[in-house]
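**Student:**
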Amino acid sequence: MSAKSTFSILFWIYNKDEVNNQGIVYARITVDGKRSNISLKRKVDILRWDKKLQRLNGTTEEVKSFNQFLSSIYTQIFQIYQDLRLKGELITTELIKAHYLGETDEQKTLRGLLNYHNAKIEVTLSKGTIKNFHVTEKYIGYYLRDIHKTSDVYLKQLNYRFLMEFEQYLHNFWPKGHPKSMSHNTVMKHIQRFRKIATLGYHMEWMSKDPFIRWKPKWERREREFLSPDELARLESKKLYLERLDRVRDLFVFSCYTIISYVDVMQLNSKSIGKGVDNEDWILIKRQKTDIPVKVPLLDKALEIIKKYRGHPITQVSGTLLPVITNEKLNLYLKEVAELCEIDKNLTFHMARHTFATTVTLSNGVPIETVSKLLGHNKISTTQIYSRVVETKISQDMVELKNVLNIKANQKAHKNSREFGMRIV
1 MSAKSTFSIL
11 FWIYNKDEVN
21 NQGIVYARIT
31 VDGKRSNISL
41 KRKVDILRWD
51 KKLQRLNGTT
61 EEVKSFNQFL
71 SSIYTQIFQI
81 YQDLRLKGEL
91 ITTELIKAHY
101 LGETDEQKTL
111 RGLLNYHNAK
121 IEVTLSKGTI
131 KNFHVTEKYI
141 GYYLRDIHKT
151 SDVYLKQLNY
161 RFLMEFEQYL
171 HNFWPKGHPK
181 SMSHNTVMKH
191 IQRFRKIATL
201 GYHMEWMSKD
211 PFIRWKPKWE
221 RREREFLSPD
231 ELARLESKKL
241 YLERLDRVRD
251 LFVFSCYTII
261 SYVDVMQLNS
271 KSIGKGVDNE
281 DWILIKRQKT
291 DIPVKVPLLD
301 KALEIIKKYR
311 GHPITQVSGT
321 LLPVITNEKL
331 NLYLKEVAEL
341 CEIDKNLTFH
351 MARHTFATTV
361 TLSNGVPIET
371 VSKLLGHNKI
381 STTQIYSRVV
391 ETKISQDMVE
401 LKNVLNIKAN
411 QKAHKNSREF
421 GMRIV
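Have a look at this one:
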């Protein structure tokens, strides 16, 4: 501001109720002739208001208390003005008002960041990913309530300790309706999402530093469960008399031979099938989770299932290739199917993806590079989580190599024996 700049604070009454003689008190900030009004959200008796003194007339405790309130507001606004001058800021009425209302970047809160993040991802991420972020947000709310005894904190309060305490809280938290507490890797996923949200706030320059920059996820390595060839064969051949179980079995088997996820299977329609490079039928879609194109040749067993539901009343209503069912019911019914097929595993629809990668492809000699491409992995190392199958395949290949070498060794020994016999003769 220049030396000639002016600044003033005025209290006045607006929104007068002539019947009840009530009015709302406002603070008017003026800088260089430009005004901004702030409602103090307090009503007073119009007849007791002194326009010149900008205070209530009277000696009651109520009047004294209100006049002290106005004095504190005056001091607060004037202090904001003085602080901005010392910082060399370009002072405007809007800036002073924003500081008073806590709307500046310095006053940004975690709840405000969460709301901003939610609005941002609504148009950029899939429904499943958005749902996961909302669950993480819910747990952040529980953590604030239970540990910090509040519903919100300033972003400047976020630090490494805050994140570590949130992680510890999740490890001890038992989600309502869940059969057990969260696994370590589930906790890591929630922390990872929170980390992304905080990084967004840092990139928006709402925080002077990234509070969680030192955090690194520590994942527990877990073997992927899948159906063995024998279990898959039992599942395919089992006679199921309940139609609902027969349908979920078909959906699972279809995924075992196509690697298509639940959310994408539910969206398959006639436009999802096209001709591939070999002029055969392929599934040609984009994964909802990643928006990455998926191109999968249709194996015979998958084609048979599609043909089974062609013209089916359920698919005619839904307009899809296969029956539509909620993920919860699908996984619930799969437990019944597993029991009937004497499969002692926690059968879930996602296990079909692992079964495709292992039993259907790698175990049958499909190169890991091809499997990695079908899985949508960017790196071969990601596909190598299925190491048990890779090792089994290596063992089988080495046995075959050993047999070939033995045959060659025997042939050479036999040849040498014949040549030696001929020399003796």
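Residue numbering for the sequence shown follows UniProt numbering, beginning at 1 and increasing consecutively. The beta-carbon is built from N, C-alpha and C at its ideal position, and this holds for glycine as well. The structure presented is a predicted model; accordingly, all values stated were derived computationally and were not measured.
#1: Going by beta-carbon coordinates alone, are residue 294 and residue 285 separated by less than 8 angstroms?
#2: Under 6 angstroms Cβ to Cβ from residue 1, same chain only, skipping five residues before and after it: list those, please.
#3: Please report how far the alpha carbon of residue 63 lies from the alpha carbon of residue 57, in whole angstroms.
#4: Less than 8 angstroms separating the beta-carbons of residue 29 and residue 87?
#5: To which residues of the same chain is residue 212 closer than 7 angstroms at the C-beta, ignoring the five residues directly before and after it?
#6: Can the beta-carbon of residue 376 be found closer than 8 angstroms to that of residue 287?
#7: Pull up the distance between the alpha-carbon of residue 296 and that of residue 276, whole angstroms please.
#8: Which residue from 134, 40, 180 puts its Cα closest to that of residue 116?
#9: Ordered along the chain, which non-local residues of its own chain (more than five positions away) have a Cβ less than 7 angstroms from that of residue 371?
#10: Give me the Cα-Cα distance between residue 400 and residue 365, rounded to the nearest whole angstrom.
#11: Tell whether a beta-carbon distance below 8 angstroms holds between residue 299 and residue 283.
#12: Quick check: what's the CA-CA separation for residue 145 versus residue 138?
#13: Evaluate the contact criterion for the stretch 167-181 versus the stretch 218-229: three or more CB pairs, one atom per stretch, below 8 angstroms.
#14: According to DSSP, is residue 8 helix, strand or coil?
#15: Comparing C-alpha positions only, which one of 333, 332, 233 sits nearest to residue 355?
#16: Quick one: is residue 108 buried, meaning 16 or more other Cβ sit within 10 Å of its Cβ, or exposed?
#17: Measure the CB-CB distance between residue 147 and residue 165 and report whether it falls below 8 angstroms.
#18: Please give me, in chain order, every unbroken run of the alpha helix (DSSP H) with length at least 4 that falls completely inside the stretch 196-226.
#19: Classify residue 99: buried if its beta carbon has 16 or more other beta carbons within 10 angstroms, exposed otherwise.
#20: The alpha helix (DSSP H) spanning residue 98 covers which residue range?
#21: With DSSP run on the structure shown, which of helix, strand or coil describes residue 153?
#22: Quick check on DSSP: helix, strand or coil for residue 37?
#23: Spell out whether any CB of chain C is found under 8 angstroms from the CB atom of residue 55.
#24: From this set, 253, 186, 329, which residue's C-alpha is nearest residue 217's C-alpha?
#25: In angstroms, rounded to a whole number, what distance separates the CA positions of residue 47 and residue 192?
#26: Return the CA-CA distance between residue 131 and residue 320, expressed in angstroms with no decimal places.
#27: Assuming residue 380 contacts residue 394 (C-beta within less than 8 angstroms), just tell me the rounded distance between them.
#28: Going by beta-carbon coordinates alone, are residue 263 and residue 251 separated by less than 8 angstroms?
#29: Locate the beta strand (DSSP E) running through residue 296, then write down its first and last residues.
#30: On the CB-based measure, 16 or more other CB atoms within 10 Å of its CB, does residue 3 come out buried or exposed?
#31: Using alpha carbons as the reference points, say which of 21, 237, 325, 151 lies closest to residue 342.
#32: Roughly how many angstroms separate the alpha carbons of residue 15 and residue 35, rounded to a whole number?
**Tutor:** Looking at the coordinates:
#1: Along the sequence shown, one-based indexing puts residue 294 at 294. Along the sequence shown, one-based indexing puts residue 285 at 285. Yes. Within cutoff.
#2: Within the sequence shown, numbered from 1, the residue matching residue 1 stands at position 1. Note that residue 1 scores a pLDDT of 46, beneath 50, so its modelled location is shaky and nothing firm can be said.
#3: On the sequence shown, position 63 is the one that residue 63 refers to. On the sequence shown, position 57 is the one that residue 57 refers to. In this model, residue 63 and residue 57 are separated by some 7 angstroms (Cα to Cα).
#4: The residue given as residue 29 occupies position 29 in the sequence shown. The residue given as residue 87 occupies position 87 in the sequence shown. Not a contact, by the Cβ cut-off of 8 angstroms.
#5: Position 212 of the sequence shown holds residue 212. Hits under 7 angstroms: 160, 163, 195, 198.
#6: Stepping through the sequence shown from its first residue, residue 376 is reached at position 376. Stepping through the sequence shown from its first residue, residue 287 is reached at position 287. Result yes, Cβ atoms of residue 376 and residue 287 sit closer than 8 angstroms.
#7: Position 296 of the sequence shown holds residue 296. Position 276 of the sequence shown holds residue 276. Cα to Cα, the separation comes out at about 9 angstroms.
#8: Here residue 116 refers to the residue found at position 116 when the sequence shown is read from its first residue. Ranking the options by Cα distance to residue 116, first place goes to 134.
#9: As a working note, residue 371 is residue 371 in the sequence shown. Around residue 371: 357, 361, 362, 383.
#10: For the purposes of this step, residue 400 is identified with residue 400 of the sequence shown, where counting begins at 1. For the purposes of this step, residue 365 is identified with residue 365 of the sequence shown, where counting begins at 1. Across the structure, residue 400 and residue 365 are spaced so that their CA atoms are roughly 13 angstroms apart.
#11: Stepping through the sequence shown from its first residue, residue 299 is reached at position 299. Stepping through the sequence shown from its first residue, residue 283 is reached at position 283. Their beta carbons are not under 8 angstroms apart, which means residue 299 does not touch residue 283 by this criterion.
#12: Here residue 145 refers to the residue found at position 145 of the sequence shown. Here residue 138 refers to the residue found at position 138 of the sequence shown. Note on geometry: alpha-carbon atoms of residue 145 and residue 138 lie some 11 angstroms from one another.
#13: No, they do not touch.
#14: The residue labelled residue 8 in the question sits at position 8 within the sequence shown. Note: residue 8 maps to strand in three-state DSSP.
#15: Locating residue 355 in the sequence shown gives position 355, counting from the first residue. Per the Cα distances, 233.
#16: Here the question's residue 108 lines up with position 108 in the sequence shown. Around the CB of residue 108, 16 or more other CB atoms lie within 10 Å, so the residue is classed as buried.
#17: The sequence position of residue 147 within the sequence shown is 147, counting from 1. The sequence position of residue 165 within the sequence shown is 165, counting from 1. Result yes, Cβ atoms of residue 147 and residue 165 sit closer than 8 angstroms.
#18: Counting only runs of 4 or more residues that sit fully inside the stretch 196-226, no alpha helix (DSSP H) segment turns up.
#19: In the sequence shown, the residue the question calls residue 99 occupies position 99. Burial call: buried.
#20: Position 98 of the sequence shown, counted from the first residue, corresponds to residue 98. Residue 98 -> alpha helix (DSSP H) spans 93-101.
#21: Residue mapping note: residue 153 aligns to position 153 of the sequence shown, counting from 1. Coil at residue 153, not helix or strand.
#22: Position 37 of the sequence shown, counted from the start, is the residue given in the question as residue 37. Secondary structure at residue 37: strand, using DSSP grouped into helix, strand and coil.
#23: Protein chain content of the structure displayed is limited to a single chain, and chain C is not contained in it.
#24: Against the sequence shown, residue 217 aligns to sequence position 217. Checking every option, the nearest Cα to that of residue 217 belongs to 186.
#25: As a working note, residue 47 is residue 47 in the sequence shown. As a working note, residue 192 is residue 192 in the sequence shown. Cα to Cα, the separation comes out at about 59 angstroms.
#26: For the purposes of this step, residue 131 is identified with residue 131 of the sequence shown, where counting begins at 1. For the purposes of this step, residue 320 is identified with residue 320 of the sequence shown, where counting begins at 1. Straight-line Cα distance between these residues: approximately 24 angstroms.
#27: As a working mapping, residue 380 is identified with position 380 in the sequence shown. As a working mapping, residue 394 is identified with position 394 in the sequence shown. Their Cβ separation, rounded to whole angstroms, is 15 angstroms, which puts residue 380 and residue 394 out of contact at 8 angstroms.
#28: In the sequence shown, residue 263 corresponds to position 263, counting from 1. In the sequence shown, residue 251 corresponds to position 251, counting from 1. A distance of 8 angstroms or more separates the beta carbons of residue 263 and residue 251.
#29: For the purposes of this step, residue 296 is taken as residue 296 along the sequence shown, with counting starting at 1. Looking at the DSSP string, the run of the beta strand (DSSP E) that includes residue 296 is 293-297.
#30: Here residue 3 refers to the residue found at position 3 when the sequence shown is read from its first residue. With a pLDDT of only 49 at residue 3, under the threshold of 50, the placement of this residue in the model should not be trusted; the figure read from the coordinates follows. Per the 10 Å Cβ criterion, exposed.
#31: Taking the sequence shown and counting its residues from 1, the one referred to as residue 342 is at position 342. That would be 237, whose Cα lies nearest to the Cα of residue 342.
#32: Taking the sequence shown and counting its residues from 1, one reaches residue 15 at position 15. Taking the sequence shown and counting its residues from 1, one reaches residue 35 at position 35. If I take the Cα positions, the gap works out to 18 angstroms.
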